[in-house]
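Scroll down for the structure; my scribbles are underneath it.
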Amino acid sequence: MTATGTQVHPDSYLTLHYRVSLAEGGGDVVTTFGGNPATLQLGLGQLAEPLERCLVGLAEGSSAQFDLEPEAAFGPRNPELIQKVTRTMLDANSNGETDYAPGDLVEFPTPDGGRFAGVLKEINEQWALFDFNHPLAGQRIRFEVEILGVL
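As numbered in the working numbering, residues -18 to 132 make up the sequence shown, in order.
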């Protein structure tokens, strides 16, 4: 695809195809190639900030590939984000599901009305161990893009 000159800015509205995969292989984490392209506005959190930074300066009609180290992508894994939660707290603050299993993604409310999620690692009658790191934290990722349109 030949670039036409209109460049992506930090607040651009754009249409693109993109793929996120692990740099070492293992398949796509997410892709729009082979389907409908994504249309989004940068700066609004519709795409992860590390990925948005890669897009700034690219021209409409261009394609690019970025291999990102963990520090430039979703950060290193933080052992402090692996937390035990009491079963009482889990049952009171989760979405009402009662049959939890390791690997489940469980959402919790925040005081300001938002939500955050953790992956259940272990569970027993007294507590549950959650990993609140981003699922791609500590991973080298590959980000491939094709910029279809920039407004």
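Glycine residues also receive a C-beta, built at the ideal position from the N, C-alpha and C atoms. Source: prediction; values computed, not measured.
From the options, residue whose alpha carbon lies closest to that of residue i
i, options, result
"residue 65", "106, 3, 2", "106"
"residue 94", "81, 101, 108, 74", "74"
"residue 88", "119, 2, 46, 99", "99"
"residue 28", "7, -2, 48, 44", "-2"
"residue 62", "131, 113, -6", "113"
"residue 50", "31, 42, 109", "31"
"residue 115", "80, 92, 58, 122", "58"
"residue 69", "108, 22, 55", "108"
Whether residue i touches residue j by CB criterion (8 Å)
i, j, result
"residue 40", "residue -4", "no"
"residue 0", "residue 125", "yes"
"residue 86", "residue 10", "no"
"residue 101", "residue 83", "yes"
Boundaries (first-last residue) of the alpha helix (DSSP H) holding residue i
i, result
"residue 32", "30 to 36"
Opposing strand residues paired with residue i [DSSP bridges]
i, result
"residue 126", "-1, 45"
"residue 131", "-5"
Segment limits, beta strand (DSSP E) that includes residue i
i, result
"residue 19", "19 to 22"
Output the residue ranges of the beta strand (DSSP E) runs that lie fully inside the region 49 to 118 and measure 3 residues or longer, sorted by chain position. You should have 63 to 67, 86 to 90, 96 to 104, 108 to 112.
Hey, which unbroken runs of the alpha helix (DSSP H) at 4 residues or more fall wholly within the region -16 to 8? none
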